[in-house]
Amino acid sequence: QSPDFWKTNIMGSAESRECVVKITNKSKYTLSRPWYCTASFHIHHQKHLHSWCWSLFKKTAHRATGAVGVFTYELDADCADKDVRKVAVMFSVPFDFNFYENWFAVGVFDKLRNCDHHLYEEMYYYTQSRFVRGSANGERLTHSDDDVNISATMTDTYQPTLAVSKVCLK
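In the working numbering, the protein residues as written are 68 to 237.
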């Protein structure tokens, strides 16, 4: 087969690593103050509304890297006695599917937790009670923290969709 066949059909295009993120908020909380930590991509598009938002994360062009990152939103409640927490979402879309697969995680953290490379590593490599992680095989991940449930699915492709479909009250 031609090199173009292998590049397109086996490895995917070097330009094709991206992750579309869709978030649906069904809670009393407002998702505010987004923070992003990225190593190999940039935010291409972003749209925010009260009950949903979406972003497109694309890898840096002309580099044999995947698209990996973590982002957080603060959960702002109307009542002042409630501590502010953050929803965190981690994703990893590898360049080479021969050795790696898509991974994602969702969780709820304290408001003081920074959205940085350390948070990405914690959610990718370690197990904690503050989040749940899994491979992108179509199964739903769900994490509960006090009065907040967050669940998500991720497709297993070079250009996956990560759907955070529930940020809601228990």
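We treat Cβ as the ideally placed atom computed from N, Cα and C, and that holds for glycine. Bear in mind the structure is a predicted one, so any value in this text is a computation, not a measurement.
For Leu-186, there is no enclosing beta strand (DSSP E); the residue is found in the alpha helix (DSSP H) stretching over 184–192. Here Ala-230 carries a strand assignment [DSSP, helix/strand/coil]. Under the DSSP assignment, Ser-159 falls in the beta strand (DSSP E) whose first and last residues are 152–160. Secondary structure of Asp-214 (DSSP, three-state): coil. Per the C-alpha coordinates, the member of Val-88, Tyr-103 and Lys-153 positioned closest to Tyr-96 is Lys-153. Bounds of the beta strand (DSSP E) holding Arg-100 are 97–105. Spatial neighbours of Ser-99 in its own chain (CB-CB distance under 6 angstroms, excluding positions within 5 residues in sequence) are listed in chain order as Glu-141 and Asp-143. Under the three-pair Cβ rule at 8 angstroms, the region 197–205 counts as touching the region 166–177. Val-135 and Val-160 do touch by the CB rule: their CB atoms are close to 7 angstroms apart, below 8 angstroms.
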